[in-house]
Amino acid sequence: MKTLYGQKVLVAQVNDVPNGNTEVVLKPFNGRRFFGYLSSVKANVDRALEAGELKPVSAK
23 MKTLYGQKVL VAQVNDVPNG NTEVVLKPFN GRRFFGYLSS VKANVDRALE AGELKPVSAK
């Protein structure tokens with residue numbers, strides 16, 4: 023099973039959804055695809071941060 027642990031992603035789009043949540047579209051920073059076939063994924067940013075699935079890093 024492939025893992026995304028430690029993989030940097032680019033926030034390509036930020037959407038406020040009607041239920042009050044914020045959804046982001048993520049793309050791999052290295053230009054490859056997630057799991058070899060997904061060019062982007064959507065995530066609820068608040069829930070993903072809470073669960074430790076995403077963590078903020080500073081841009082360099």
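Residues 23 to 82, numbered by our numbering, are exactly what the sequence shown covers, in order. Glycine residues also receive a C-beta, built at the ideal position from the N, C-alpha and C atoms. Note that the structure is predicted; figures quoted are calculated from it, not measured.
Compare the Cα-Cα distances from residue i to each of the options and report the closest residue.
i	options	result
Val63	Thr25, Gly28, Ala34 and Tyr27	Ala34
Val39	Tyr59, Glu75, Ala65 and Gln29	Ala65
Thr25	Asp68, Lys77 and Gly58	Gly58
Tyr27	Gly42, Pro50 and Asn43	Pro50
Arg69	Gln29, Leu32, Lys30 and Gly42	Gly42
Tell me whether residue i sits in a helix, a strand or coil according to DSSP, three-state version.
i	result
Val39	coil
Val79	coil
Ala65	strand
Leu71	helix
Thr83	Coverage of the chain is limited to positions 23 through 82, which leaves residue 83 absent and any answer about it impossible.
Whose C-beta lies closer than 6 Å to the C-beta of residue i among residues of the same chain, with five residues either side of it excluded?
i	result
Val36	Val46
Closer than 8 Å by C-beta to residue i: which residues in its own chain qualify, once you throw out the five before and the five after it? Chain order, please.
i	result
Arg55	Ser61
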